[in-house]
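What follows is a set of notes on a single structure, which appears directly below.
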Amino acid sequence: MLRGEEKELAQEWVQDTAWLEKEEYEWDEDYMDCVRDIMEHPVFQSMDRFIQHGNTTTKDHCIQVSYLSYRICRKRGWDGRAAARAGLLHDLFLYDWHTQKNHIHGFTHPRVAMKNAVRYFQVTPHEQNIILRHMWPLTPVPPRTREGMVIVYADKFCGISEVCGRVKQAVARLVHV
């Protein structure tokens, strides 16, 4: 989906998490207009209690996936609003998947997240489809739309970056012992 320079820029962007720590996404008024209701909701805020990958909270992971997807879709003239909202809600499963002994979490959490999204927020059928199918190809049915595919790739990309950051730190500690 991403080619050449776009791919390199995305890799640099996702590896540099300073934007997340500085909350630069909050200065993007168009983005915040799409997601403010979700960002300010106590249910979304509660995702800060759960770790997603490495040391990254589920809330921060979802913000990263959301904003990366939003920027990619907007640049291409696609539905950035749907990508931004579905990106924030794609992991709205509201439990610590590391302690639930849920060995099929990867297969089941998209449906849990979609049900929670419908319960707590106004989500479109397009956004529901993106949330439900974001784990493709682990789950068998791919997203119907290009925005859905952007979320699939952004989610994998951000997750790998989060895990690799932790591995990189561990290797650095071993090397400098």
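The sequence shown begins at 78 in this note's numbering and counts up one residue at a time.
All residues carry an ideal CB built from backbone N, CA and C; glycine is no exception.
Note that the coordinates shown come from a computational prediction; the quantities given were computed from them, not determined experimentally.
Might you give, ordered along the chain, the residues of its own chain that have their beta carbon closer than 7 Å to the beta carbon of residue i, omitting 5 neighbours on each side?
i	result
VAL195	GLN205
ALA160	SER146, TYR147, CYS150, GLU224, VAL227, ILE228
ALA163	GLU204, ILE207, ILE208, ILE228
Do residue i and residue j have their C-beta atoms within less than 7 Å of each other?
i	j	result
ILE208	LEU166	yes
THR135	MET124	yes
PHE198	ILE128	no
CYS111	ARG158	yes
Within the same chain, show all residues whose beta-carbon is closer than 8 Å to that of residue i, passing over the 5 residues directly before and after it, in chain order.
i	result
PRO187	HIS167, ILE208, LEU209, ARG210, HIS211, MET212, THR216
MET109	TYR102, GLU103, MET116
THR176	none
Can you give me the Cβ contacts of residue i inside the same chain, cut-off strictly under 6 Å, excluding the 5 residues immediately before and after it?
i	result
VAL231	Looking at the sequence itself, residue 231 is Ala, so the reference to Val does not match. Cβ within range, chain order: VAL142, LEU145, SER146.
PHE170	HIS186, VAL189, ALA190
CYS139	LEU165, ASP168
VAL260	The displayed coordinates of the chain run from 78 to 254. Any statement about residue 260 would go beyond what the structure contains.
Per the DSSP calculation, residue i is bridged to which residue(s)?
i	result
ILE128	THR134
Can you find a C-beta in chain B that's less than 7 Å from the C-beta of residue i?
i	result
LEU166	Reference to chain B is not applicable here, since this structure consists of a single protein chain.
To the nearest angstrom, how far is the alpha carbon of residue i from that of residue j?
i	j	result
PHE121	GLU101	19 Å
PRO219	PRO202	15 Å
THR222	ASN193	21 Å
GLU106	LYS152	16 Å
ILE181	TRP155	33 Å
HIS118	PRO214	31 Å
LYS233	ARG113	24 Å
ILE237	ARG126	21 Å
Discussion item. My parser needs the alpha helix (DSSP H) runs of 4 or more residues fully inside the segment 162-229; what are they?
Written reply: 182-197, 202-209
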